[in-house]
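**Student:**
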Amino acid sequence: MIGNKSYTIAPMSKVHKKVFISLGVGQIACSYALGIAGTALTEASGPLNLNSFWMGLLGAGTLIGLFGSLFIGALADKIGRRSLFTYGMILFTILSISQFFVSNLVLLLFIRIGIGLVIAIDYTVGSALLTEWLPKKESPKYQSYQLIFWFLGFIAAYFVGIFSSGFGEDNWRWIISSSAILGLITALWRIKANIPESPSWLESKGKRQEALKLIHQFLGNDYTLPEVESKAEEKPVAWKELFSPGIRRNTLIGGIFYACQVFPFFGIGIFLPILLENLNIGNPYLSGILYNVFMMVGVISGIIIFNRISRRAFLISTFYISAAALAGMIIWPSAPVSITLVLFSIFSVVLSASTVLENPYPPELFETRLRGSGVGTVVAISRIGAASGTFLLPVITDNWGVYATLGICLIFLLFGGIVCQIWAPETSPAFANKMVRKTA
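Going by numbering that gives the first Met the number 0, 128 is the number at position 129 of the sequence shown; the sequence numbering is gapless.
(1) Out of curiosity, what's the CA-to-CA distance linking residue 146 and residue 417?
(2) Nearest to residue 372 by CA position, among 240, 172, 117, is which residue?
(3) For residue 5, which three-state DSSP category applies?
(4) What is the rounded straight-line gap between the Cα of residue 349 and the Cα of residue 97?
(5) Taking only three categories from DSSP, how would you classify residue 426?
(6) Cα separation between residue 233 and residue 250?
(7) For residue 149, is the classification buried or exposed, using 16 other Cβ atoms within 10 angstroms of its Cβ as the cut-off for buried?
(8) Based on DSSP bridge pairs, tell me the residues matched to residue 223.
(9) How many Å lie between residue 400 and residue 328 at the Cα?
(10) Touching or not, the stretch 60-70 and the stretch 174-187, by the rule of three or more beta carbon pairs under 8 Å?
(11) Starting from the C-beta of residue 352, find all residues in its chain whose C-beta is less than 7 Å away, skip the five residues before and the five after it, and write them out in chain order.
(12) What's the C-alpha gap between residue 388 and residue 170?
(13) What is the rounded straight-line gap between the Cα of residue 8 and the Cα of residue 306?
(14) Where residue 56 and residue 29 are concerned, what is the direct C-alpha to C-alpha distance, given to the nearest angstrom?
(15) Closer than 7 Å by C-beta to residue 310: which residues in its own chain qualify, once you throw out the five before and the five after it? Chain order, please.
(16) What does the alpha-carbon distance come out to for the pair residue 73 and residue 80?
(17) Considering Cα atoms alone, identify which of 410, 50, 20, 379 is closest to residue 190.
(18) Taking the C-alpha atoms as reference points, what is the distance between residue 364 and residue 102?
(19) Using the C-alpha atoms, what's the distance from residue 173 back to residue 135?
(20) Please tell me whether residue 37 and residue 271 are closer than 8 Å, where the distance is taken between their beta carbons.
(21) Going straight from the alpha carbon of residue 284 to that of residue 142, what length do you get?
(22) Once DSSP output is grouped into helix, strand and coil, what is the label at residue 307?
(23) So, does the stretch 250-260 touch the stretch 373-381, judging by three or more C-beta pairs under 8 Å?
(24) Assuming residue 269 contacts residue 34 under a Cβ cut-off of 8 Å, what Cβ separation, rounded to an integer in Å, is found between them?
(25) Helix, strand or coil: which one does DSSP assign to residue 232?
(26) Can you tell me which of 176, 197, 121 puts its alpha carbon nearest to the alpha carbon of residue 130?
(27) So, for residue 265: in the same chain, excluding its five sequence neighbours on each side, which residues have a beta-carbon less than 7 Å away from its beta-carbon?
(28) Please list, in chain order, all residues of the same chain as residue 213 whose beta carbon is under 8 Å from its beta carbon, the five residues on each side excluded.
(29) Is residue 336 near residue 280, with beta carbons less than 8 Å apart?
(30) List the endpoints of the continuous alpha helix (DSSP H) containing residue 258.
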């Protein structure tokens, strides 16, 4: 007998855990590839005769490639999630290895952009698979847990970079191509795990029987596809609709808050060795280790508290506190090393905690019909901030000094805080409901 319970309410099972872990190991590989660029390019500055312009441009290459998320989503909707998710990491591994053999800067830039495109596949398709397979009530929680995997990879890149030596002028090649190891591990894991296609996608393509077969195979005969409301009268989404009255505020808020967070995060995080060498912060290696440790503390703290306070309070407070820490470092550049280190640690904890909202908040800003296009637009706007921060940090530091760099980051944080304080809507169900009750 076939049950009539939606598969989206099934309890956590083996297939859910396989999808979760498969996405998690990919997050480690992707963030490692993003983070390793800073240390590798710093070491390559001599052998490749890099100036600050090329160092920033190559560092931003993968983030430029992430603009491909606008098109990857459409491709995944057309051909499915499984094949892109399973085999994309093979291309990631090949591109990572190819960096070892390249000395031409333009070719290296294109390879970095290509790696960014593959990362866009993993982010876009992996998130869709996780959302479409996991129980609806569990999905937001497990989406936030993915940030822990992401930070593990990003932090690991820093440690591998600063402790790798012994290869002379080719040291940078071994460092930058080391992401191939994680890419290969991820590819082999996914092939062995044999992640099934998304039942929701199969149904959307009229393959209902295939979808039901997967549900019964992995979750049991008690579960079926959820009832889908008729979309006969639903108008197709036009991109300009996201900037129409009543909606454009949410579109702009989503893009601005995201871009203002990732500008300092990637700018400082990827080129941390350059920043620490120019700061009054004592031993730069020890300071870098502490910075990365506090980043992990920050993201774990953010996961714990983000559902316990309102979205608005979380956004505004993280912008202002991290800005205050940077302001203290700028105003008092000759402060004792202990004070500077405390301020830098506060900045690290709060900024990394703020990134927790990057997954749940943008989808909450849009109604169901506009959600896919809205989130894609928000992410694209955010990549402008990420790529700009990564490109500009070495250029500004080289020409005007490290405190000018911190000043630009401070401006972005203050701007993000002010915009959110004025316009950011409250979207967390618990606090939004309280506001409605108070108004009633």
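Heads up, the beta-carbon is just placed ideally off N, CA and C, and yes, glycines get one too.
**Tutor:** To lay it out plainly:
(1) Using only the alpha carbons, I get a separation of about 26 Å.
(2) For the residues 240, 172, 117, the minimum Cα distance to residue 372 belongs to 240.
(3) Strand.
(4) Going by the C-alpha atoms only, they are around 37 Å apart.
(5) Residue 426 falls in the coil class under three-state DSSP.
(6) Low confidence applies here, because residue 233 scores a pLDDT of 47, under 50, leaving its location unreliable and the question unanswered by this model.
(7) Residue environment analysis places residue 149 among the buried positions, since at least 16 neighbouring C-beta atoms fall within 10 angstroms of its C-beta.
(8) BP columns for residue 223 point to 5.
(9) One C-alpha to the other measures close to 14 Å.
(10) Taking 8 Å as the limit for Cβ pairs, the verdict is that the stretch 174-187 does not touch the stretch 60-70.
(11) Excluding its 5 nearest sequence neighbours in each direction, residue 352 has C-beta neighbours in its own chain below 7 Å: 297, 298, 300, 301, 317, listed in chain order.
(12) About 26 Å.
(13) Going from the Cα of residue 8 to the Cα of residue 306 covers about 21 Å.
(14) Going from the Cα of residue 56 to the Cα of residue 29 covers about 19 Å.
(15) Correct list, in chain order: 356, 360, 425, 426, 427.
(16) Distance between the alpha carbons of residue 73 and residue 80: 11 Å.
(17) Ranking the options by Cα distance to residue 190, first place goes to 20.
(18) In this structure, the CA atom of residue 364 is about 44 Å from the CA atom of residue 102.
(19) Each residue's alpha carbon lies about 42 Å from the other.
(20) The answer is yes: Cβ separation under 8 Å.
(21) Each residue's Cα considered, the two are about 32 Å apart.
(22) Correct three-state label for residue 307: coil.
(23) Output reads yes: the stretch 373-381 touches the stretch 250-260.
(24) With a Cβ gap of about 6 Å, residue 269 and residue 34 count as contacting.
(25) Below a pLDDT of 50, predicted positions are generally treated as unreliable, and residue 232, at 43, falls in that range; no measurement from the model is reported.
(26) It is 197 whose Cα lies nearest to the Cα of residue 130.
(27) Hits under 7 Å: 62, 385, 388, 389.
(28) 195, 196, 198, 201.
(29) Residue 280 sits close to residue 336, with the two beta carbons spaced by under 8 Å.
(30) Counting along the chain, residue 258 sits inside the alpha helix (DSSP H) bounded by residues 247-269.
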